[in-house]
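Position in the sequence shown (from 1) plus 1 gives the number in my numbering. Built from N, CA and C at the ideal position, the CB exists for glycine as well. Let me begin by presenting the structure, written as structure tokens, before commenting on it.
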Amino acid sequence: MIAVQDHLNHLLEFRSDDVPVVSLYAVVPVDPKDQAGLRSRVNGLLDELDPLAEDESLSRAARLSIRDDIERLRRAVLEEHWKPHGIGLFSCSARDFYEAVELPREPRDRILVDATPWVRPMTVMRDKAYRACVVVLDRARASFWKYENDALVESNELQDRALRTDDFTGGRWGGRENATHHTVENLAKEHFRRVIDRLEQLFFPDLDHEAQYQSVVEGKPAPEPAYDVLVVAEHGNEASGFLDELPDRLRQKLAGTFTDPALNDRGALKARADMVLEQWERDQERQQFEHVLEVEAMGGFGVTGLRKCLWAASSKAIDTLLLQEQDEAPGVVCDVCGWLGESGDTCPVTGDSLRHTPDIVDEMVQSVLRDSGDVRTLEESVAAEGRTPAAHLRFPLPPEPG
Ligand SMILES: [Zn+2]
2 MIAVQDHLNH LLEFRSDDVP VVSLYAVVPV DPKDQAGLRS RVNGLLDELD
52 PLAEDESLSR AARLSIRDDI ERLRRAVLEE HWKPHGIGLF SCSARDFYEA
102 VELPREPRDR ILVDATPWVR PMTVMRDKAY RACVVVLDRA RASFWKYEND
152 ALVESNELQD RALRTDDFTG GRWGGRENAT HHTVENLAKE HFRRVIDRLE
202 QLFFPDLDHE AQYQSVVEGK PAPEPAYDVL VVAEHGNEAS GFLDELPDRL
252 RQKLAGTFTD PALNDRGALK ARADMVLEQW ERDQERQQFE HVLEVEAMGG
302 FGVTGLRKCL WAASSKAIDT LLLQEQDEAP GVVCDVCGWL GESGDTCPVT
352 GDSLRHTPDI VDEMVQSVLR DSGDVRTLEE SVAAEGRTPA AHLRFPLPPE
402 PG
């Protein structure tokens with residue numbers, strides 16, 4: 002399966018030159034018995050386009066292209082067998098363009114016709130593109146799990162010397178209990194330190210001084226970290242004290258913790274890790290959004306609201322664009338200079354005539370991605386009402402034209 006990101010790059014490059022592109026998203030059910038439902042849903046969406054295919058206000062080339070797109074997509078849903086959980090189809094027959102994208106998560110069923118492929122649902126799928134390391138640990142063992150692309154795989158295990166249970170209780174006589182207790186604590190501490198050493202290698206491979214020296218000599222690039230975030234799972238309170246040992250730089254990678262992981266049930270382990278990571282994502286989003294509000298209040302590197310964000314995108318100033326799914330509005334685009342606006346007929350920058358679009362937010366998303374910016378779709382409840390879209394800027398905006 003080609004990564005959603007690669008499809009996205011391809012779609013962003015596509016230029017239809019005034020012929021419409023049909024974009025269709027549909028949920029693909031997990032149960033193959035529900036395939037008939039998928040067919041009728043897709044056909045229902047395509048029925049919505051019938052009036053457009055007859056619309057005399059469109060050029061003949063546009064109408065013919067839409068008609069062919071409808072036919073092609075009806076054929077596709079009959080012949081193809083897509084994997085769960087969703088499919089994005091893009092068709093522009095007049096330009097001989099067709100792309101089917103298998104989606105890792107369920108989109109909302111939707112069809113849209115515009116001069117460019119409608120990509121916003123795909124950017125939401127792409128948000129989760131981080132690699133998490135899940136460490137499950139007790140007093141003497143640690144298993145390292147790699148969580149990437151919605152899959153959890155055990156990568157390796159670290160086993161240290163542990164005292165047997167009967168050693169813990171110590172003897173009935175003498176001061177052995179106290180001594181044993183110290184040994185247990187020391188062994189646990191040593192174990193934690195070894196776990197931390199391994200984590201440091203995984204997260205900060207370039208901190209190895211010897212390797213750094215070699216990389217300078219041989220002119221090789223510094224080694225890439227294996228992970229972006231860390232999740233720690235502890236058995237009862239056997240691993241209490243581990244977090245206290247974490248150095249600051251690792252603590253900054255920590256997304257969260259949970260206790261009593263089920264090691265023999267990968268699905269359950271993944272579900273627990275998911276909860277931690279989702280909460281972490283929400284917190285990240287909230288911080289990003291609040292940061293934009295702060296810098297906007299100081300004047301300069303942040304803007305909120307559709308109008309200002311459109312001008313920021315037109316100025317190629319957006320570093321990170323924060324959206325909510327419901328942010329959607331019609332608008333206008335200058336295909337000559339890339340200016341984006343809410344309304345008008347001529348571009349205030351170059352005087353060219355403007356193209357109308359049903360979703361200017363999607364055009365803004367495309368513009369930001371083409372300029373190597375980042376786009377994040379916020380969960381509901383993260384952003385204050387009416388303050389999105391919001392953008393973190395690379396530089397303060399020039400005054401608006403006109
Ligand atoms: Zn222009």
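Considering only the beta carbon of each residue, do residue i and residue j sit closer than 8 Å?
i, j, result
"S368", "G339", "yes"
"A314", "L341", "yes"
"L270", "L153", "yes"
"Y99", "R73", "yes"
"V28", "G87", "yes"
"V114", "V23", "yes"
"A318", "R395", "yes"
"E186", "E286", "no"
"P21", "I71", "no"
"G345", "V333", "yes"
"A384", "F290", "yes"
"V196", "L159", "yes"
"A116", "D19", "yes"
"V102", "H8", "yes"
"P390", "C310", "yes"
"W312", "E386", "no"
"G301", "P397", "yes"
"D266", "G237", "no"
"H192", "D161", "yes"
"T1", "A274", "Look at the range of the chain in this structure, 2 to 403, and you will see that residue 1 is not part of it."
"T378", "E297", "no"
"P85", "P30", "yes"
"A392", "V304", "yes"
"P118", "F91", "yes"
"L322", "V366", "yes"
"L203", "Y228", "yes"
"R194", "E155", "no"
From the DSSP secondary-structure annotation, give me the bridge partner or partners of residue i.
i, result
"Q160", "R142"
"V28", "G87"
"A77", "DSSP, once it has assigned bridges, lists no residue as partnering A77."
"A234", "V137, F259"
"L104", "G87"
"E155", "W146"
"R404", "The question about residue 404 has no answer, for the chain in this structure spans 2 to 403."
"H183", "In DSSP, H183 forms no bridge with anything."
"S92", "V23, Y99"
"H192", "Looking at the DSSP assignment, H192 forms no beta bridge with any residue, so it has no partner."
"D360", "None; D360 has no bridge partner."
"L394", "I319"
Tell me, to the nearest whole angstrom, how far the beta carbon of residue i is from that of residue j; I am working on the premise that it is less than 8 Å.
i, j, result
"R96", "S17", "6 Å"
"D320", "D360", "The Cβ separation is near 22 Å, so there is no contact."
"D148", "V135", "The sequence as given places Tyr at residue 148; Asp does not occur at that position. Indeed they touch by this definition, with Cβ atoms about 6 Å apart."
"P224", "D151", "That pair is no contact at about 26 Å."
"F205", "R142", "That belief does not hold up - the Cβ atoms of F205 and R142 are roughly 23 Å apart, past 8 Å."
"V232", "L278", "7 Å"
"A263", "A133", "Going by Cβ atoms, the distance from A263 to A133 rounds to 18 Å, so no, they are not a contact pair."
"E364", "R308", "Rounded, the Cβ-Cβ distance is 14 Å, inconsistent with contact."
"L79", "R40", "7 Å"
"L12", "R371", "Their Cβ separation, rounded to whole angstroms, is 11 Å, which puts L12 and R371 out of contact at 8 Å."
"V362", "W281", "Their Cβ separation, rounded to whole angstroms, is 26 Å, which puts V362 and W281 out of contact at 8 Å."
Quiz item: Which runs of the beta strand (DSSP E) fall wholly inside the segment 285-356 and span at least 3 residues, in chain order?
Solution: Qualifying beta strand (DSSP E) stretches, in chain order: 303-305, 319-325, 332-334.
Quiz prompt | Sequence-ordered residues whose beta carbon comes within less than 6 Å of a heavy atom of ligand 1 | solution = Selection output, chain order preserved: C335, V337, C338, W340, C348, V350, T351, D353.
Quiz item: Which full runs of the beta strand (DSSP E) of 3+ residues lie inside the segment 361-385, going along the chain?
Solution: Scanning the segment 361-385 for uninterrupted beta strand (DSSP E) segments of 3 residues or longer gives 375-379, listed from N- to C-terminal end.
Practice problem: Could I get the ranges of all uninterrupted alpha helix (DSSP H) runs contained in the segment 32-77, with 4 residues as the minimum, in chain order? | Solution: Complete alpha helix (DSSP H) runs here, min 4: 36-48, 51-54.
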